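Using UniProt numbering, the letters of the sequence shown correspond one by one to residues 408 to 656. Just so you know, even glycine gets a beta-carbon here, dropped at the ideal spot from N, CA and C. Remember, predicted model here, so these are calculated numbers, not experimental data.
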Amino acid sequence: ESVADLVRTALAQDRVSLVYQPILDARTGAVVAAEALMRLTAPGGEPVSPAVFIPVAERTGAIVELGKWAVRTACREALIGAGLPRVSVNVSAAQFRVPGFALAVAGILAETGIPASRLAVEVTEGHEIETQAAVMQGLAEMRELGVKLWLDDFGTGFAGLSCLRSLPFDLVKIDRSFLEAAAAPQGLRMLEDIIGLVRNAGPATLVEGVETEEQRAMLAARRVDKLQGFRLGRPMPIAALKGFLRGRE
Ligand code: G
Ligand code: G
Ligand code: MN
Ligand code: NA
């Protein structure tokens, strides 16, 4: 069976799920949000990596239905079910190519009674954000609803700086490769510069990929707003997230 077939039948066959990775306030350590990450299993139970199935879903258009499912599921299980303050969902440019995503999100918010500000969409920086009118329009519609706009993987693409200028992001996730490189003095200076650049542009700052206590302390000392990484919490199924939240009360 091809990956395209797996993706096409995934929702109907209940083989898609979300895992959630905690996002912490860097100063207080409170869990302020979680990022929803999609997981898919083959009929035999083997996991299929998002790096494999997301590009296929984008190509076949299946990402449109999967994307709406992800927003609805994250709202229901993480916001209502687990009482998480906020949840972020990854959204690719392909989801805006067909009009109607923002309308679907508005419907989900209305049916669940959730304030739009408790939902964030993460878009990866890239050319598409700015050059495709449908993507710009879709993001503007999300903003109009009151959904938070987060810029993901900042620093990895070619269009990061101009994305920062052309769209009013609420938060920027600085790619974990910059934190890795900060182990060396030159890399640390660069990370500091990026944090300052984002802060001066306006959005809140989040650094991804926190794997050690030293990194956490270093970032807190530099007044980064939010942190995410294996040291602070791995992506976990909803039941584990509930336990994680209870354990920190
Ligand atoms: O969880 P993992 O590191 O395997 O995720 C790999 C990539 O897949 C990440 O870059 C993430 O942004 C993307 N991804 C995960 N879940 C979703 C989703 O629900 N929608 C989209 N569009 N991308 C996702
Ligand atoms: O591209 P995006 O930021 O959406 O990808 C999120 C993915 O990054 C998650 O699926 C997760 O597996 C991975 N990730 C999260 N925290 C860490 C970390 O501390 N170290 C590494 N190596 N990967 C991480
Ligand atoms: Mn992301
Ligand atoms: Na990222």
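Between residue i and ligand 1, is the CB less than 7 Å from at least one heavy atom?
i: residue 444; result: yes
i: residue 584; result: no
i: residue 456; result: yes
i: residue 474; result: yes
i: residue 647; result: no
i: residue 440; result: no
i: residue 477; result: yes
i: residue 581; result: no
i: residue 602; result: no
i: residue 487; result: no
i: residue 470; result: yes
Once DSSP output is grouped into helix, strand and coil, what is the label at residue i?
i: residue 634; result: strand
i: residue 418; result: coil
i: residue 651; result: helix
i: residue 518; result: helix
i: residue 435; result: coil
i: residue 629; result: coil
i: residue 493; result: coil
i: residue 480; result: helix
i: residue 529; result: strand
i: residue 441; result: strand
i: residue 448; result: strand
i: residue 455; result: strand
Examine ligand 2 and report whether any of its heavy atoms sits within less than 7 Å of the Cβ of residue i.
i: residue 642; result: yes
i: residue 620; result: no
i: residue 530; result: no
i: residue 535; result: no
i: residue 503; result: no
i: residue 637; result: yes
Any heavy atom of ligand 3 closer than 7 Å to the Cβ of residue i?
i: residue 497; result: yes
i: residue 559; result: yes
Note the first and the last residue of the continuous beta strand (DSSP E) segment covering residue i.
i: residue 576; result: Segment: none, residue 576 is in no beta strand (DSSP E) and carries neither H nor E.
i: residue 430; result: 423 to 432
i: residue 612; result: 611 to 614
If I follow the unbroken alpha helix (DSSP H) through residue i, where does it start and stop?
i: residue 540; result: 540 to 552
i: residue 587; result: 583 to 588
i: residue 556; result: Counting along the chain, residue 556 falls outside any alpha helix (DSSP H), though it belongs to the beta strand (DSSP E) covering 555 to 561.
i: residue 596; result: 592 to 608
i: residue 504; result: 501 to 504
Less than 8 Å separating the beta-carbons of residue i and residue j?
i: residue 460; j: residue 414; result: yes
i: residue 498; j: residue 474; result: yes
i: residue 600; j: residue 580; result: no
i: residue 648; j: residue 617; result: no
i: residue 578; j: residue 547; result: no
i: residue 613; j: residue 635; result: yes
i: residue 590; j: residue 433; result: no
i: residue 557; j: residue 529; result: yes
i: residue 572; j: residue 615; result: no
i: residue 463; j: residue 410; result: yes
i: residue 418; j: residue 465; result: no
i: residue 567; j: residue 621; result: no
Does the distance between the C-beta of residue i and the nearest non-hydrogen atom of ligand 5 fall short of 7 Å?
i: residue 515; result: For ligand 5, the structure offers nothing, since it holds only ligand 1, ligand 2, ligand 3 and ligand 4.
Does the stretch 531 to 544 come close enough to the stretch 474 to 493 that 3 or more CB-CB pairs lie under 8 Å? Verdict: no, contact absent.
Are the stretch 634 to 641 and the stretch 420 to 440 touching by the rule of at least three beta carbon pairs closer than 8 Å? Yes: the two stretches touch, three or more of their Cβ pairs being nearer than 8 Å.
The stretch 527 to 537 contacting the stretch 479 to 486, beta-carbon criterion three pairs below 8 Å: The stretch 527 to 537 vs the stretch 479 to 486: no contact.
Do the stretch 506 to 519 and the stretch 449 to 460 make contact, defined as three or more Cβ pairs closer than 8 Å? These segments do not touch.
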